[in-house]
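Novice: Line order of the protein sequences matches chains A and B.
In terms of UniProt numbering, the first sequence opens at residue 1 and continues consecutively.
In terms of UniProt numbering, the second sequence opens at residue 1 and continues consecutively.
Provided herewith is a single structure, encoded as structure tokens, for subsequent inquiry.
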Amino acid sequence: MADQLPTEFDVVIIGTGLPESILAAACSRSGQRVLHLDSRSYYGGNWASFSFSGLLSWLKEYQQNSAIAEESTASWQGLIHETEEAVTLRKKDETIQHTEVFCYASQDVDDGVEEMEALQKSPSSATSSATPDPLHSACLPGETHSLHAASYETPAKDTPKSGGEVSLEVTDVEDTLAKEEYCGDETRTPAVSDGDEDGKKPVEKDSTDRPKRKKITYSQIVKESRRFNIDLVSKLLYSQGLLIDLLIKSNVSRYAEFKNVTRILAFREGKVEQVPCSRADVFNSKELTMVEKRILMKFLTFCLDYEQHPDQYQAFVQCSFSEYLQTKKLTPNLQHFVLHSIAMTESSCSTIDGLKATKNFLRCLGRFGNTPFLFPLYGQGEIPQCFCRMCAVFGGIYCLRHKVQCLVVDKDSGKCKAIIDHLGQRINAKYFIVEDSYLSEETCSNVQYKQISRAVLITDQSILKADSDQQISILVVPPVESGTCAVRVTELCSSTMTCMKDTYLVHLTCSSSKTAREDLESVVKKLFTPYSETEVDQEECTKPRLLWALYFNMRDSSGISRSSYEGLPSNVYVCSGPDCALGSEHAVKQAETLFQEMFPNEEFCPPPPNPEDIIFDGDDKQPEAPGANNIIMAKVDSSEGSKNPESPEKQLQN
Amino acid sequence: MHGRLKVKTSEEQAEAKRLEREQKLKLYQSATQTVFQKRQAGELDESVLELTSQILGANPDFATLWNCRREVLQQLEAQKSPEELAALVKTELGFLESCLRVNPKSYGTWHHRCWLLSRLPEPNWARELELCARFLEVDERNFHCWDYRRFVATQAAVPPAEELAFTDSLITRNFSNYSSWHYRSCLLPQLHPQPDSGSQGRLPEDVLLKELELVQNAFFTDPNDQSAWFYHRWLLGRADPQDALRCLHVSRDEACLTVSFSRPILVGSGTETLLLMVDESPLAVEWRTPDARTRPSHVWLCDLPAASLNDQLPQHTFRVIWTAGDAQKECVLLKGRQEGWCRDSATDEQLFRCELSVEKSTVLQSELESCKELQELEPENKWCLLTIILLMRALDPLLYEKETLQYFQTLKAVDPMRAAYLDDLRSKFLVENSVLKMEYAEVRVLHLGHKDLTVLCHLEQLLLVTHLDLSHNRLRALPPALAALRCLEVLQANDNTIESLDGVTNLPRLRELSLCNNRLQQPTVLQPLVSCPKLVLLHLQGNPLCQAVGASEHLAELLPSVNSILT
């Protein structure tokens, strides 16, 4: 690493999870000099998405849990002056626990070679190929610092590209797709995803050559590893939620594509069924009687502006939402739908909270489609990267695999002045943003963490078959016994670009009471049956079969108050890791709050300027300034013109 | 830091925008001017196409320019080779599409596309259908596009079943779609033609039931969406009644023949012709309306010559033939009788049930059940209430009379904006019911007192009534149509708010008229009574005109033949 980082910044951000990335974009956008670091080799921290082999490598890292730390870190003690003291950071990540992997798909011997290959890939190479990295070339031409950083980050890979080619939208879906298309040999990805259509196309293709279930072997999964984009946290975007609003307002949405969740499902009396939640759903439902239709619609309409009708719920404020629903003439199936699938609350939640949740769900309906949720193509892990890209566009500098050893605190002022990285370089800044998992045990000695239980399954069929096999579904399985938590199940189809053809990627999430497997296995057993070579009996056969399963617990550092951290200087701000909720509201709120604390007079992620309003503040010293000037205008322009069809703002106009 | 993006200030932005707009306006104006000049000079060449496309591309609603393009294209059609023309058409279609994207609701653009397509020797209709589908995907209620789709479907002879499936798919997506429901109402009769009804005919029961279920799904899901209710009403409604002569009346005393028709007609040269046969030989007569005004009327009458009424023969037969309506009616005047008539009775002809009617009352009954179910859930839904009232009328107006009135009350309370309309509707139903009761009782006396009537209707059905009681209502006038009551002898209209008496005119047999406690202001409003030769008793107590000095004298002067005028 010949290149040295600059030593003066306004803001240093450690961790590339969602809140940190939003903050990075916001700071950079408002003119701060931003250095964004991550000790990992991939973006997103616990918000990341991995290819299948990338995930295996990630697992290995946690399973080998032993001391990989202390590699070759320069000593920092000498760099601390007398008037200063150091706050050390944590050396290894401890947020993931109880990982358990089960493979049910047949592991053919003849394919073993490839599997070995995939597994033997070094963690770094596996992951860098896994995450289609949008940032490699997201820097400005002639922008010395950025170039610097880019080459610093991935020296080999980026040199041919970063020479001066500017692009705000280089890694468009088409681009990534093209790459993937090139890599894949047998299976073809459906062409550029444009709405529902591509959900249908593959079906038609399939119907001819797939009379029975297709057999998927483990080696196929490994071979198609790159088709998978497996999220560590399973989240969706509420289409009127804070994250969507922020994406649109800041125009970061241009870097991502979304698909509407197609179905809301319910699990009732041992069966999975579709929940009619929009007007069109209710109208078309064959399951509901006329009167049920009316009652449901009436209740939902009321929920949309329940505040206006206090007479209708005031008497039940003390009751739980489920008790309240019983008084509303809703039939048991409707009560179940509202409670678990629409409000998605625990049975014990209060009437007001239930109404609020229902209202929020309904508010989001119809903005982009018939369900309130969007899912980002290529996985949730894209979102932090989109913000990072925005940060880079406005001059932020990125370094992955870059550890920070300690924060340097000035004894007099009690403020943090600098960081010292693993190369022993001292980097000064005014503000420091650190993700919770980087803070040392000492700092966190008083902190009580919650846990999230997660399962990731690869299955061969959808939990509810429909005309089209390209469905994105969300299902909440209510707890069987009280005291445990409801389990949220998200099933993704291959057109979300998160799993290979003929498979489904299923995420289970709940807040932990025990280990992930103990919390989730019962639900997995209810919905799926393990894959086996020998044909099983008829009834079991109707369930989707498990090909592969992973359980793990993730630390939930949301909701930790700043004051519970020990000895943090006032200009060090802490971001939390992913929470258990379905949306990313917490991360957005946190980012905005911290930004306002740091820069009370600055606007948070304002819309980017129109291309015609941009003046390139070129410098005479820049050799290719005039040319570059034109290029950037053209590029920005074309990005405006060629907006992808799924981008929210376009949808909005319709 | 250099190399950063900087943003123009808002003043700079505004200035840039202003300049841009100015530039645009200049271009627009000069292009428009050039086009007009060229058109005037008759230079209809491709340059005009180019210029107009610049303007229309920005503003597709410039109708004159579309006309200009049409002229150019017509001109070029004669000059170009088929290949060149094909290329021209292709660009034109592409251009039209781009204009539609600018404004998908531009009349001019859709019209131009229609024009172009109908001129093509081999239009690609499949492509046009695809285009419609795409535009309806974006806005499923774009009626311009629906219009165009119907045009394309007709031209391409798309089977109605396919079009019906298309409306299905759009209704599935969003049932609040008037165009889609309407299209169904056009397609279904085509798909299921019924032998005994015209184009607007009824549907076979199984189809009807399926449609009713579909539309019920819609109004149970959202009872406030009127598109579904309109369709529901169409499903249950029936075609206009057939043209008919409803009543024929001959009076010996007045030497007069009166006919009433199923719809207002205008008899006279160049319009409708009526043929009168007396004892099987044609008789030329002068037809007039009862109120002597020449305009469409339900009732027409003529004077008869003494010869056709003489008492020598045992009877005379009178037959009126309505040539345009393909209908006729005959009545007989027997020797020694003052009058003779023939009429369709409201009791067996169901004259008043044209609002809603389906052959099978079981269907109506079950519709009524489900609407009542819905009404229980949505007690304040006006569409539901109105439909219940209409269904009850179609089923049995007399049986449901009381209930109907209660529903009217609720409906008026929830929809005060339409109170007056509802009052009129209610009055109509009450008059119908009273007429039915009268005809069942086979009398010629009609009691319409104390009914809160706001309007009088179906008067043409009352040709034979001799005594009419309209007291204690909310009538503001005795309308001209009242003149149709040729047999009326006694008319009571006390305690209303009557201000004008236009209808009390030319009533040959009227003897007594009571108008106490009304709002007759001036003696001059009594002018029409002069034309009632037999009027002898007139009650005017409690009217403002009685207060005037010398009122009695004035009235005596105006109505010299009326024996007693009580003021």
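Note that beta-carbon positions come from the ideal geometry of N, C-alpha and C, so glycine has one too.
At the level of alpha carbons, what is the spacing between glutamate 180 of chain A and isoleucine 452 of chain A?
Specialist: Confidence in glutamate 180 of chain A is poor, its pLDDT being 38 and thus under 50, which makes the residue's placement too unreliable to answer from.
Novice: Would you list the residues sitting across from glycine 15 of chain A in a DSSP beta bridge?
Specialist: According to DSSP, glycine 15 of chain A bridges with nothing at all.
Novice: Tell me, please, whether the region 312 to 331 of chain A touches the region 350 to 364 of chain A by the rule of three or more beta-carbon pairs shorter than 8 Å.
Specialist: Enough Cβ pairs lie closer than 8 Å, so yes.
Novice: Going by other Cβ atoms of all chains shown within 10 Å of its Cβ, with 16 needed for buried, is histidine 316 of chain B buried or exposed?
Specialist: Classification of histidine 316 of chain B: buried, given that the 10 Å Cβ count is 16 or more.
Novice: Buried or exposed: where does aspartate 421 of chain A fall if 16 or more other Cβ atoms within 10 Å of its Cβ makes it buried?
Specialist: By the neighbour-count rule (16 or more Cβ atoms within 10 Å), aspartate 421 of chain A is buried.
Novice: Under 8 Å between C-beta atoms, does asparagine 381 of chain B make it to chain A?
Specialist: Chain A, which has no Cβ nearer than 8 Å to the Cβ of asparagine 381 of chain B, makes this no.
Novice: Examine chain A for any beta-carbon lying closer than 8 Å to the beta-carbon of aspartate 415 of chain B, and answer yes or no.
Specialist: It does not: the Cβ of aspartate 415 of chain B has no partner Cβ on chain A nearer than 8 Å.
Novice: Please report how far the alpha carbon of leucine 491 of chain B lies from the alpha carbon of glutamate 512 of chain B, in whole angstroms.
Specialist: So the two alpha carbons sit approximately 6 Å from each other.
Novice: Going along chain B, which residues have a C-beta under 7 Å from phenylalanine 283 of chain A?
Specialist: Within 7 Å Cβ-Cβ: Phe175, Asn217, Ala218, Thr221.
Novice: Going by Cα to Cα distance, which pick from B/Ser118, B/Gln547, B/Gln527 is closest to asparagine 557 of chain B?
Specialist: Looking at the sequence itself, residue 557 of chain B is glutamate, so the reference to asparagine does not match. With distances taken between Cα atoms, glutamate 557 of chain B lies closest to B/Gln527.
Novice: With 8 Å as the threshold, decide whether the Cβ of glutamate 373 of chain B is near any Cβ in chain A.
Specialist: Yes, glutamate 373 of chain B lies at the interface with chain A (some Cβ there is under 8 Å from its Cβ).
Novice: I'd like the span of the beta strand (DSSP E) that includes phenylalanine 375 of chain A, first residue to last.
Specialist: Element bounds for phenylalanine 375 of chain A: 373 to 376.
Novice: Keeping to the same chain, check which residues put their C-beta closer than 8 Å to that of leucine 374 of chain B; ignore five residues upstream and five downstream.
Specialist: Cβ neighbours of leucine 374 of chain B beyond the five flanking positions: Phe219, Phe220, Pro223, Asn381, Cys384.
Novice: What's the call for lysine 402 of chain B, buried or exposed, on a 16-neighbour Cβ count within 10 Å?
Specialist: Answer is exposed; the Cβ neighbour count stays below 16.
Novice: In the DSSP assignment, what residue or residues form a beta bridge with phenylalanine 50 of chain A?
Specialist: Per DSSP, A/Ile230.
Novice: At a CB distance below 8 Å, what residues from the region 287 to 307 of chain A approach chain B? Give them in sequence order.
Specialist: Listed by position along the chain: Met290, Val291, Lys293, Arg294, Ile295, Met297, Lys298.
Novice: In or out: methionine 554 of chain A buried (at least 16 other Cβ within 10 Å) or exposed?
Specialist: Answer is buried; the Cβ neighbour count reaches 16.
Novice: Which stretch, first to last residue, makes up the alpha helix (DSSP H) that contains histidine 98 of chain A?
Specialist: Per DSSP, histidine 98 of chain A belongs to no alpha helix (DSSP H); it is in the beta strand (DSSP E), 96 to 103.
Novice: Hey, how far is the Cα of valine 259 of chain B from the Cα of leucine 515 of chain B?
Specialist: When rounded, the distance between both Cα atoms is 28 Å.
Novice: In angstroms with no decimal places, state the Cα-to-Cα distance between residue 663 of chain A and proline 607 of chain A.
Specialist: Because residue 663 of chain A is not part of the residues shown, which for chain A are 1 to 654, the question remains open.
Novice: The alpha helix (DSSP H) spanning asparagine 333 of chain A covers which residue range?
Specialist: Asparagine 333 of chain A -> alpha helix (DSSP H) spans 332 to 336.
Novice: Distance cutoff 8 Å, beta carbons only. Does alanine 280 of chain A sit that close to anything in chain B?
Specialist: It does: the Cβ of alanine 280 of chain A has a partner Cβ on chain B nearer than 8 Å.
Novice: Mind checking whether alanine 483 of chain B and threonine 505 of chain B have CB atoms under 8 Å apart?
Specialist: For alanine 483 of chain B and threonine 505 of chain B, yes; Cβs fall inside 8 Å.
Novice: Just checking, does the region 393 to 408 of chain A make contact with the region 254 to 268 of chain A on the three C-beta pairs under 8 Å criterion?
Specialist: Not touching, per the Cβ criterion.
Novice: With a threshold of 8 Å between beta carbons, is serine 227 of chain B in contact with chain A?
Specialist: No, its Cβ sits nowhere closer than 8 Å to a Cβ of chain A.
Novice: Count the other CB atoms within 10 Å of the CB of histidine 450 of chain B; is the residue buried (16 or more) or exposed (fewer)?
Specialist: Exposed, by the Cβ-count rule.
Novice: Taking all protein chains shown into account, decide if glutamate 11 of chain B is buried (16 or more other Cβ within 10 angstroms of its Cβ) or exposed.
Specialist: That one is exposed.
Novice: Once DSSP output is grouped into helix, strand and coil, what is the label at glutamate 401 of chain B?
Specialist: Correct three-state label for glutamate 401 of chain B: helix.
Novice: Within 10 angstroms of the Cβ of aspartate 469 of chain B, are there 16 or more other Cβ atoms? Answer buried if so, exposed if not.
Specialist: With 16 or more other Cβ atoms within 10 Å, it is buried.
Novice: For leucine 436 of chain B, which residues of its own chain have a beta-carbon under 8 Å away from its beta-carbon, when the five flanking residues on both sides are left out?
Specialist: Contacts found: Ala346, Thr347, Phe352, Pro397, Leu398.
Novice: Please return the same chain residues whose Cβ sits closer than 8 Å to the Cβ of valine 530 of chain B, not counting the five positions on each side in sequence.
Specialist: Cβ neighbours of valine 530 of chain B beyond the five flanking positions: Leu558, Leu559.
Novice: Go to serine 434 of chain B, then tell me how far its alpha helix (DSSP H) extends in each direction, as first and last residue.
Specialist: Residues 419 to 441.
Novice: Considering only C-alpha positions, which residue in the set B/Asp452, B/Thr64, B/Glu140 is nearest to arginine 39 of chain B?
Specialist: Per the Cα distances, B/Thr64.
Novice: What is the rounded straight-line gap between the Cα of leucine 411 of chain B and the Cα of glutamine 155 of chain B?
Specialist: So the alpha carbons of these two residues sit roughly 45 Å apart.
Novice: Identify whether glycine 340 of chain B lies in helix, strand or coil by the three-state DSSP scheme.
Specialist: Residue state, collapsed to three classes: strand.
Novice: When Cβ atoms are compared, which residues of the region 8 to 40 of chain B fall closer than 8 Å to chain A?
Specialist: Going along the region 8 to 40 of chain B in chain order, one finds Lys8, Glu12, Gln13, Ala16 with a Cβ nearer than 8 Å to chain A.
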